[in-house]
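Protein chains in written order, with this note's numbering: chain A, 1 to 369; chain B, 1001 to 1369; chain C, 2001 to 2369; chain D, 3001 to 3369.
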């Protein structure tokens, strides 16, 4: 094992991250050390990279320097003395919500939203590096049939899967609207298609992403920033006049919430996944929720590990192909290109994967050729 | 059978209702005629009685004259030729949401929120009368152990029961907050107590109602209009720091929604039952729903007839005693006193029951003596 | 409208049925008359055709003559005076479980298993005829995109869909075993594939059916009547050693139940759909159910009309293609050939569709050419 | 801390246990040492005490000597270096199912039935001693309002609560039958009463236990070993002719299963909790499960820690009083009397609690005086 490794480190409270050589992480008794085979850029990483007000408040200058990143697939190269079920050589990914075992939520099967949980890459060093330390409790053993460039995005794909399935997993033979066309929404379209949603509407803004949404299986594309079509009327016209059985808000904007509840049929289900930009959002409480008799499912993270189990099965069986969403790949040291792709508008990227090891990068390029 | 009957009729688009002699209702083939033994005043009746903007818009002047009322218990005295399962002499109450059989919601087991359903006493003549016509599809056979003054309030008690049980009926051994102290909230406190909610908080404003709430089983009373106690901190202090497992909004006000979501623990359930006074309400979407990972259940009406079944069993078994909530009883012809009780502020009434037949009134008085 | 029609009539308590000219059915006020476009043969029809002990006991000689058949698609040509939501020209199928509206089960959303329900083609004349009378309450409006030869099998396809989805509809990303290779099991394989079951095992006996199962999407074929493979070990080997998440018994035999529970992982779900040939079946109650902590879902009929809704959406969207299961088609007057196909062993037929109108038959032949 | 302690040790493969002085348990890094305040005798302890074929096979002679017992309440007096959320002085009980963290069931929220879990007092030393070592992962923090003699029986009370609530926790306003009158059934009657079951039938054999069942809240007592009453007809007579909504088999006998399924209404829920004495049990699969359309919930252990949470709330709120079921208390050194009480027939004991410390015993005696 080497003593040093390369990593993307946030060192200063301003835009950017540094490519540095740093010591290898030391693992606690209940942790494992993972050699990173592939890692991907999340919107949260972009917030931290930009050092916007949210990250300044959430992480804080005093926590720097800190290694970025939390979406990962890699190989276990060292295990702590108290590790019980993860072994050297295991091919793993990491859930990023690290639970406190005595949190009420953790005790009740909701450890993904524990009151006192910590976040990988936010509350501790992340995985934009050659190695990363991972507590056993958040290790997930991958199926070897899943290539690293797809195994590393299972964490956001889990978000998408949980958003689609909601709290009750009852979606087969239903209609579904996704409001928002970010990468998690595009993953969600694919999941919806794989699990038997029979009428999929994607509401978005960016041609690049909408095109991916179509390849992932959307039946209908509706532009939120054009007025050529009455979106609500269109959806009712394609659902026998009732509206969709399920609406997933993946945007969090006032427009998304206003239209989203109108697109939903009475007695339907609304997934609240998007993050609002404002402290409060005006909601038509009566017609949108009370009289509509709908169920609103707040979705944050993914179920540990029910969602991971389904994601692994969907990928390893080949029922779900997420290749169209992984739009760009770079060696890790070219991370700045990756962040640029994530930041530019109009979008020309969905999901960006990075590889610390150039051989892994080359192999992935070949698989996707 | 007489040809005429006495009824409280809305005749003009202004405050009030008239005590008139009118013809007996004629029943359709799939309807029954019910002799009213007891009926009760709902908030909706008060809206119509006052002829406020909602009722002017919802019912409209052109629909008058119309008989008020929809909460009822009585005896079947005539059955239409196509009635299949209701018989002469049956002791029945009425669900007020009259479904359209081909509504998608009706076909999917959600007939209580059908897109095209009609409302008894709103879309057709009601039950503030000696007789009322009821479609078989909304007839519910009562248990004879339930006195008429309680059988007639099963419709709003069903609202309360559905609000407590939510969509999943999972409440045993949990903590619950009711925000609002109207009659349905007071019923709900009693239901919560009867079904094993182990920590019941009632947030209200009126001493008269709060006192009834205490008798119905509330463990904690918190005043929404006083600042002596930090209500959110109080609830967290009594729930090991987490907040309540379930919060039922029975008020719909901006304050209720703002505080209600803060009183709820992460991963809890929020019942949306109250009706907002404004077109939109500002909601802390991120912290209240998304990051909280909560479930919001929009509750309107009651399940047909799952809720009715539980209500009947709770009452007939004696597990639930709603006597404290039925605060006033009058002969029907004294309906004006009843409406005054419902309208006055501060409140000095919870639920008001009316009896078309004075003998029924006398018998009820004796039972409650 | 003609006064007479052709029909397959059970006239005597012995094998067979007669091709007769009989009067058109007369409809009650709450019924519609349907011109049959396509109808299909169910195992129940075969029981009655054979007049086996079950049908002799269930129907009884005194009920004869009676028209056979209950799986149907057709056009509404007459509506009773009390029909509310079905119209002339509607393209409908029929749910065969005719509920009693005051059955407790009907009131609680389980009308498909009402205590006093009647069965079309068993308790009243069926649809192996040019016309059939159908109560509105069991009419289901089809999507016109679904051809009659597929629309008529939605009733057994609904059985299959309910068996797959179980009571909770939670199947996405899970593994599933079907024990039995009859037509409903073959439908079920297709449904499972369409709704995101990621590992499908089909256990059967007949090459003809197993081949269809493969075309419908089974990942693994296991022969119940061969000992070349240890079936339980095989399934564990393909489920990381645990057994399948869900096992659907579609056979009801002692062997099916003994093996089925062993194929199921701890905490899994077992669908009990097959009908046993014996009064009691020996079951390993401790290891199969109690210690296994599993859920057993008894499935009979299909949910009215939740299952129908999903079936319609799966078919009309093209997500589910059932063509391979519809193995034979005949004009109705050649019904004897159809029954022979259903009875012969080893099987060389899955689902047989009959057409009263030869033009419909010809059109169907062309569509499938 | 002393170096030695008193304990009830199974030393030989024959009836009985020895009162010995043994070294204090040594804890692993992720365990705590608990000073036992109260412990209670389970049927499993009786099996081991008797050294019947089950225990000879399950535990095996080579595992002896081993300390008996697994139901416990006590105080944490030492914590391992890796313990995260349990602290010195905490008042705890222990879940007895010790999960393997990488078991599929544990990962999917079903750790109570993990494929590779270990059992306290079966696979390792138990708590019939002054001190016991407990892994943090199965520690449950008690509410101080719950006396030790009741806190120690939360493990079997959790069995009862899970049996009552089933997998879906949907019981409010329903009817329920318990077949079997052992201590867990008696607890279950109390739980059912506390959570709003409105009609409770207890089917048993022993006057002593039936009397306790009545005090716990059973509405109807039916003797399984007398023919004075047709038990199935009686239950139908008291459920409008349908049968009970829920039947809990707490006995596992052929008679219990035969009658139990007949007592259940169509579409009801059957809890399978009792353990059968035979390798297989004859079950009327068709009428009992398939045509009945029922749900069978296999219940083993209790949900970790959803059930514990509800149990704690029910006890600490005073909604549930289990005093009648705790029929006998002894100092631990008089354990032989306790076992005699558990073994004698006809029964004259329900639940027996033992106290290692005589002062705790005296205090409990006083509380119950």
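Cβ atoms here follow ideal geometry from the backbone N, Cα and C, with glycine treated the same way. All of these numbers come straight from a predicted model, not from anything done at the bench.
- By the Cβ criterion, the segment 3191-3208 of chain D is in contact with the segment 3160-3173 of chain D, since at least three pairs of Cβ atoms, one from each stretch, lie closer than 8 Å.
- Burial check for residue 1071(B): the Cβ neighbour count within 10 Å reaches 16 or more, so the residue is buried.
- Note that the C-beta distance between residue 1109(B) and residue 2306(C) is below 8 Å.
- Taking 7 Å as the upper bound on Cβ-Cβ separation, chain B lies near residues 280, 281, 282, 283, 284, 285, 286, 289, 290, 291, 292, 293, 294, 295, 296, 297 of the segment 280-297 of chain A.
- In the DSSP assignment, residue 316(A) falls within the unbroken alpha helix (DSSP H) covering 306-316.
- The DSSP assignment places complete beta strand (DSSP E) segments of no fewer than 3 residues inside the segment 1268-1293 of chain B at 1281-1283, in order along the chain.
- Within the segment 301-313 of chain A, contact with chain D at the beta-carbon level (separation under 9 Å) is assigned to 303, 304, 305, 306, 308, 309.
- For residue 1013(B) and residue 1064(B), the gap between their C-alpha atoms comes out near 8 Å.
- In the three-state reduction of the DSSP assignment, residue 2250(C) falls in the coil class.
- Annotated three-state conformation of residue 2161(C) is helix, per DSSP.
- Here residue 3205(D) has 3181, 3223, 3224, 3225 as same chain residues with Cβ atoms under 7 Å from its own Cβ, once five neighbours each way along the sequence are excluded.
- Comparing alpha carbon positions, the residue from 2183(C), 2098(C), 2135(C), 2269(C) closest to residue 2244(C) is 2269(C).
- The segment 1114-1176 of chain B contains, as complete beta strand (DSSP E) runs of 3+ residues, the segments 1131-1135, 1139-1141 (chain order).
- Under DSSP, the beta-bridge partners assigned to residue 1074(B) are 1036(B), 1092(B).
- By the criterion of a C-beta distance shorter than 6 Å, residue 1041(B) is surrounded in its chain by 1338, 1342, 1352, once the five residues flanking it on both sides are discounted.
- Taken atom to atom, the span from the alpha-carbon of residue 2029(C) to that of residue 1028(B) is near 13 Å.
- Straight-line measurement puts the Cα of residue 3057(D) at about 13 Å from the Cα of residue 3050(D).
- Secondary structure note for residue 3054(D): its alpha helix (DSSP H) is the uninterrupted segment 3053-3058.
- For residue 2045(C), the enclosing alpha helix (DSSP H) has its first and last residue at 2043-2050.
- Following the DSSP letters along the chain, one finds residue 2351(C) in no alpha helix (DSSP H) but inside the beta strand (DSSP E) bounded by residues 2351-2355.
- Taking a beta-carbon distance threshold of 8 Å, residue 3355(D) does not count as an interface residue toward chain C.
- Selection 2149(C), 2024(C), 2320(C) evaluated against residue 2073(C) yields 2149(C) as nearest (Cα-Cα).
- Flagged as an interface residue toward chain D: residue 82(A), by a C-beta distance shorter than 8 Å.
- Nearest to residue 2348(C) by C-alpha distance, out of 2210(C), 2280(C), 2120(C), is 2210(C).
- Proximity to residue 2239(C) across 66(A), 313(A), 355(A), 221(A) peaks at 313(A), based on C-alpha coordinates.
- Between residue 246(A) and residue 171(A) a beta carbon distance of about 7 Å is seen, short of the 8 Å cut, so the two are scored as contacting.
- For residue 3163(D), no CB of chain B lies under 8 Å from its own CB, so it is not counted at the interface with that chain.
- For residue 1356(B) and residue 1037(B), the gap between their C-alpha atoms comes out near 7 Å.
- The segment 3280-3288 of chain D makes contact with the segment 2274-2293 of chain C: 3 or more CB pairs, one atom from each, lie closer than 8 Å.
- Restricting attention to beta strand (DSSP E) runs no shorter than 3 residues, the segment 2169-2236 of chain C encloses them at 2175-2179, 2199-2204, 2220-2223, ordered along the chain.
- The beta carbon of residue 2102(C) sits closer than 8 Å to some beta carbon of chain B.
- Residue 2368(C) carries a helical assignment under DSSP once its states are collapsed to helix, strand and coil.
- Here DSSP, grouped into helix, strand and coil, assigns residue 3028(D) to coil.
- When C-alpha distances from residue 3251(D) are compared across 3188(D), 3336(D), 3152(D), the shortest belongs to 3188(D).
- Counting every other CB atom within 10 Å of its CB across the protein chains shown gives residue 1233(B) a total below 16, marking it as exposed.
- DSSP places residue 1240(B) in the coil class of the three-state scheme, outside both helix and strand.
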